[in-house]
Amino acid sequence: MEKKLKIVAICGSPHKGNTYNILRLLKQSNPEIDFKILMLSELNLKDCLGCYSCINIGEENCPLKDDRDMIIEEMKDADGTIFASPTYARTISALMKKFVERTSYIAHRPIFFGKYAIALTTCAGFGADLTCKYLNENFTQSGYNFVPSVELKVATKSENETDYNRMKALNGYEELLNAIKSHEKFEPSLGQLVYFNIFKSISEWNKLKGWADYKFYKDKKDFYNDIKIPFVKNKIAKWIAGRETKKLMANR
């Protein structure tokens, strides 16, 4: 029996408005898919304290006890994740920013390789591109393979605009499903290679205080998982990372 696809949508809207309605449309478009919408507004997600415990000594040592781990388990179990946020002040919502902050340790120790994702935003004015770019860059660093973003204008809510948004959202969703089904081969971007080398260098420098990162990186060579990296690309990434690491360490 073929395994049922599972999609989880993380919705950063404070209410069930434009963004939620698009996610509900996607859910209804493929009833055979296990599609779960997680409304951050309905979950217990506390404000990050900036204590660095999750990064330095492990996420299990975070002093906050809320629904963070439940959300992450849903993301682990899913074949694909939709990161959906309205555009507020030309970026993600405060709720989505809180979620990014609470899960930022995963950018240090990525766990979502082999998983696929899409960034989706609704926007009445400007900044949809910045919202999707922010989501894409943050969660690509967590290991996700992203398909092209879906940026939807909801300025007038006219019939023409609504029909266009439906079509665009459904097409973007189809791209996500196709990527999952085809198991597209993953090759790390130059940016991911640079971040890997920066974090590995910092973990060695900070191994006493930040032993969680050190333990994670100490046996890794060129990337987070065993994958062949083109020689020239790897050299360029190491050079850029070395330059950036020197800047970070300059006045410490």
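Residues in the sequence shown are numbered from 90 upward in steps of one, following this note's numbering. Idealized CB from N, CA, C, for every residue including glycine. Quick caveat: nothing in here was measured; it's all calculated off a predicted structure.
* Integer-rounded CB distance, given that serine 292 should sit under 8 angstroms from glycine 299 -> The beta-carbon separation of glycine 299 and serine 292, rounded to 6 angstroms, stays under the 8 angstroms limit for a contact.
* **Cβ shell of leucine 134 (< 7 angstroms), same chain only, five flanking positions each side left out** => Here the set comprises Asp155, Asp156, Arg157, Lys187, Phe188, Arg191.
* **Three-state class that DSSP yields for glycine 169 in the structure shown** => strand
* To do: With a floor of 3 residues, list each beta strand (DSSP E) that falls wholly inside the region 163-237, ordered by position along the chain.
  => 169-175, 205-212
* Check whether the Cβ atoms of serine 182 and glycine 261 sit closer than 7 angstroms, and answer yes or no. => no
* 6 angstroms CB neighbourhood of isoleucine 329 in its chain, flanking five on each side removed -> Once the five neighbours on either side are set aside, the close Cβ partners of isoleucine 329 are Val283.
* Could you check the C-alpha separation between lysine 304 and asparagine 107 for me, to the nearest Å? => Those two C-alpha atoms are separated by around 43 angstroms.
* Asked: What is the rounded straight-line gap between the Cα of leucine 184 and the Cα of glutamate 333?
  -> 31 angstroms
* To do: For phenylalanine 312, name the three-state secondary structure that DSSP assigns.
  => coil
* Residue from Ile146, Asn267, Met128, Leu224 whose Cα sits closest to the Cα of methionine 159 -> If we check each option's Cα against that of methionine 159, Met128 comes out closest.
* Asked: What are the boundary residues of the alpha helix (DSSP H) that aspartate 302 is part of?
  -> 300-306
* Local conformation of isoleucine 96 per DSSP, three classes -> strand
* To do: For the alpha helix (DSSP H) holding phenylalanine 288, just list the boundary residues, first then last.
  => 279-294
* Bridge partners of lysine 318, per DSSP? -> The identity of residue 318 in the sequence shown is isoleucine, whereas the question assumes lysine. Residue pairing by DSSP places isoleucine 318 in no beta bridge whatsoever.
* Spatial neighbours of leucine 115 in its chain, beta-carbon cut-off 6 angstroms, leaving aside the 5 residues before and after -> In chain order, Tyr262 place their CB closer than 6 angstroms to the CB of leucine 115, counting only its own chain and leaving out the 5 sequence neighbours on each side.
* To do: Using alpha carbons as the reference points, say which of Leu94, Asp168, Phe285, Phe228 lies closest to aspartate 308.
  => Phe285
* Could you have a look at aspartate 123 and say whether DSSP puts it in helix, strand or coil? => strand
* **lysine 242 - DSSP class collapsed to helix/strand/coil** => strand
* the region 135-143 / the region 109-123 touching (three or more Cβ pairs under 8 angstroms) -> Verdict: no, contact absent.
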